[in-house]
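Peer 1: Mind looking over this structure? Questions follow.
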């Protein structure tokens with residue numbers, strides 16, 4: 003009976019409110035984890051995902067651009083250009099650079115590309131325009147927000163001072179952000195004019211990129227060639243292997259805390275209502291009725307907690323993004339559905355212990 | 007559920023002994039007790055505290071098994087009922103009135119009465135109709151949305167009787183029903199039960215140490231140290 007379950011919960015107002023807020027905090031934690039994961043996964047691989055390249059050429063043994071070193075030379079580029087079926091070859095140079103900001107040093111993932119082709123540049127511009135000169139830079143939107151940088155500002159990069167002309171999105175990797183400069187400026191900064199990190203290759207229409215990949219590999223032995231799909235998969239795998247274990251641990255802690263809160267409160271309610279349950283047993287309640295009231299209580303608490311969490315989550319997200327712009331939070335309906343399903347499952351699991359306690363309540367107790 | 011009925015006897019105990027095992031000790035609550043309660047009669051079990059009255063009631067309700075002897079409820083041995091059948095029996099064919107009435111505090115008066123009928127599988131419309139009928143009969147219909155904490159002892163008593171009778175039980179078990187009431191209120195509940203015996207041919211078994219109830223009972227039995235004897239008014243019982 004829903005009324006019995008509801009009244010049992012509401013009988014202790016303060017306990018009910020505290021429990022709902024405890025559950026809501028756990029749910030918010032889970033939603034944040036999923037949203038941060040989504041934000042990091044977009045920010046980490048959007049650059050690769052949005053690339054127009056058919057093939058990615060890296061140094062042999064390098065598999066991704068997130069956590070592997072790849073150094074190629076202009077010689078490699080010249081050889082690739084001559085391979086049959088290759089339409090264009092875009093060199094990109096990645097440099098980890100430290101900026102001297104007023105707040106202290108800040109590290110960015112400088113990406114040198116050829117603005118003429120646009121290949122290798124930012125996946126999307128939030129504000130401003132693309133590079134037209136060597137002394138210009140496009141910053142990640144969250145990086146700019148964190149250091150209160152806007153279009154037209156000048157920032158020191160190594161020994162150079164560059165003017166910000168654009169702010170990009172999909173370029174926030176959480177621990178570090180992309181920034182885009184011309185390849186020429188990148189060579190100038192790194193001090194070696196003939197090196198690149200990778201080449202992004204476009205195939206002629208009607209040609210098979212895998213045929214071109216085979217031809218390139220037959221010409222160059224010290225490279226690794228990936229089609230767009232497998233290279234994206236490599237980068238996603240690299241990102242997940244670094245991030246997911248941490249998220250799993252925190253999510254598990256959240257789930258355990260949630261289970262403990264629910265289980266404890268339901269057990270207390272069962273013990274406090276011991277006499278009521280004994281009366282119901284004596285009066286002939288069906289076997290599923292009393293456990294059903296416990297499950298109803300669990301679902302009501304979980305439902306209330308989820309509702310409060312959803313009300314608080316979006317305003318809290320905005321606050322977090324204002325306080326820490328580098329924390330990229332992207333939420334979606336599917337995440338919310340996953341969390342609601344997870345909390346529902348946890349509420350059923352947490353009913354197990356209190357339901358077991360019910361078996362120790364005997365109808366004879368009401369005759370004592 | 008198949009219910010057999012021998013004559014009009016609702017419950018029967020045959021040479022029943024009930025022993026409770028404690029920490030290294032055994033206590034016989036009932037000793038070789040034979041007893042039956044039939045439709046259309048009110049039976050009063052008198053006896054002091056610890057005499058075995060409550061044990062006898064719980065055996066009649068199928069809430070526990072005897073250590074020796076046989077208990078029949080509606081003509082069938084209690085140990086031949088499955089636990090589900092016993093649950094259905096208590097929900098639909100046995101009404102309970104407890105010493106302190108034990109209404110569920112978290113439910114309104116109406117929901118307290120409806121709950122038992124829900125256990126018995128009575129449809130909501132029919133259950134509401136019955137609930138209103140009995141609450142009206144016992145003068146507490148105006149309290150249907152009130153919670154037990156706001157009721158007087160007398161009002162709780164009437165709701166408890168309505169709850170016991172509303173599911174249509176032919177067998178009412180009452181444990182010290184007057185124990186927590188003032189004299190006039192206590193006798194009111196007994197009169198309600200007596201009326202249900204006469205008009206609806208129910209069987210009522212009351213366990214009490216209140217000898218004033220004897221005047222309303224068709225039979226009075228006396229329990230002392232787990233043994234049962236006939237009680238003659240004005241005399242000490244012979245065991």
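Chains as they are written, first to last, in this note's numbering: chain A, 3 to 370; chain B, 7 to 245. Where a beta carbon is used, it is the ideal one built from N, C-alpha and C, also for glycine.
Is residue 272(A) near residue 359(A), with beta carbons less than 7 Å apart?
Peer 2: For residue 272(A) and residue 359(A), yes; Cβs fall inside 7 Å.
Peer 1: My assumption, with CB atoms under 8 Å, is that residue 197(A) sits in contact with residue 59(A). Please give the rounded CB distance.
Peer 2: With 8 Å as the limit, residue 197(A) and residue 59(A) do not qualify as a contact, their Cβ atoms being about 14 Å apart.
Peer 1: Starting from residue 336(A), follow the alpha helix (DSSP H) in both directions and report where the run begins and ends.
Peer 2: 335-352 is the extent of the alpha helix (DSSP H) around residue 336(A).
Peer 1: Please classify residue 14(A): does DSSP put it in a helix, a strand, or coil?
Peer 2: Three-state result, residue 14(A): coil.
Peer 1: Check whether chain B comes within 7 Å of residue 368(A), counting only Cβ atoms and requiring the distance to be less than that.
Peer 2: For residue 368(A), the answer is yes, since a Cβ of chain B falls inside 7 Å of its Cβ.
Peer 1: So if DSSP puts residue 106(A) in a beta bridge, which residue, or which two residues, is it bridged to?
Peer 2: Answer is 103(A).
Peer 1: Would you say the region 134-148 of chain B touches the region 83-94 of chain B, given that touching needs at least three Cβ pairs under 8 Å?
Peer 2: Output reads no: the region 83-94 of chain B does not touch the region 134-148 of chain B.
Peer 1: What do you get for residue 210(A), buried or exposed, if any count of 16 or more other CB atoms within 10 angstroms of its CB means buried?
Peer 2: Answer is exposed; the Cβ neighbour count stays below 16.
Peer 1: Hey, does residue 306(A) have any beta-carbon neighbour from chain B nearer than 7 Å?
Peer 2: For residue 306(A), the answer is no, since every Cβ of chain B falls outside 7 Å of its Cβ.
Peer 1: Give me the residue from 178(A), 47(A), 55(A), 23(A) with the minimum Cα distance to residue 329(A).
Peer 2: Closest option to residue 329(A), Cα to Cα, is 178(A).
Peer 1: Considering only C-alpha positions, which residue in the set 193(B), 14(B), 233(B) is nearest to residue 220(B)?
Peer 2: Out of 193(B), 14(B), 233(B), 193(B) has the C-alpha closest to the C-alpha of residue 220(B).
Peer 1: What are the partner residues of residue 142(A), as DSSP defines its beta bridges?
Peer 2: Answer by DSSP bridge pairing, in chain order: 170(A).
Peer 1: Which bits of chain A does residue 122(B) rub up against, with CB to CB less than 8 Å?
Peer 2: By Cβ distance, chain A contributes 285, 286.
Peer 1: When you compare only the Cα positions, how much space is there between residue 381(A) and residue 331(A)?
Peer 2: The shown model of chain A, from 3 to 370, leaves out residue 381(A), and the question about it has no answer.
Peer 1: Could you spell out where the beta strand (DSSP E) holding residue 105(B) opens and where it closes?
Peer 2: First-last for residue 105(B): undefined, no H or E at that position.
Peer 1: Using a beta-carbon distance below 7 Å, is residue 10(A) in contact with chain B?
Peer 2: Closer than 7 Å to some Cβ of chain B, the Cβ of residue 10(A) qualifies, so yes.
Peer 1: Can you grab the Cα-Cα spacing for the pair residue 244(B) / residue 235(B), in whole Å?
Peer 2: Because residue 244(B) carries a pLDDT of 45, less than 50, the predicted location of this residue cannot be relied on, and the following value inherits that uncertainty. Taking the straight line from one Cα to the other gives about 6 Å.
Peer 1: Less than 7 Å between C-beta atoms, sequence neighbours within five positions excluded: which residues of the same chain meet that for residue 129(A)?
Peer 2: The answer, listed in chain order, is 153, 168, 169.
Peer 1: Helix or strand or just coil, what does DSSP make of residue 241(B)?
Peer 2: Its pLDDT being 48, under 50, residue 241(B) is placed unreliably in this model, and the value from its coordinates should be taken loosely. Coil, per DSSP.
Peer 1: Please go through the same chain and pick out, in chain order, the residues whose beta-carbon is closer than 7 Å to the beta-carbon of residue 207(A), but skip the five residues on each side of it.
Peer 2: Counting only Cβ-Cβ distances below 7 Å, and skipping sequence neighbours, we find nothing.
Peer 1: Is residue 24(B) closer than 7 Å to residue 72(B) when the C-beta atoms are compared?
Peer 2: In this structure, residue 24(B) lies closer than 7 Å to residue 72(B) by Cβ.
Peer 1: I'd like to know if residue 176(B) contacts chain A, where contact means its C-beta is closer than 7 Å to some C-beta of that chain.
Peer 2: Chain A, which has no Cβ nearer than 7 Å to the Cβ of residue 176(B), makes this no.
Peer 1: For the region 169-188 of chain B against the region 205-214 of chain B, are there 3 or more C-beta pairs whose distance is under 8 Å?
Peer 2: Yes: at least three Cβ pairs fall under 8 Å.
Peer 1: For the putative contact between residue 201(A) and residue 93(A), defined by C-beta atoms under 8 Å, what is the C-beta separation to the nearest angstrom?
Peer 2: Right, the Cβ-Cβ distance comes to about 6 Å (below 8 Å), so this counts as a contact.
Peer 1: Can you tell me whether residue 375(A) is helix, strand or coil according to DSSP?
Peer 2: The structure shown does not extend to residue 375(A), since chain A spans only 3 to 370, so no value can be given for it.
Peer 1: With DSSP collapsed to three states, give me the class of residue 206(A).
Peer 2: If DSSP states are grouped into helix, strand and coil, residue 206(A) belongs with coil.
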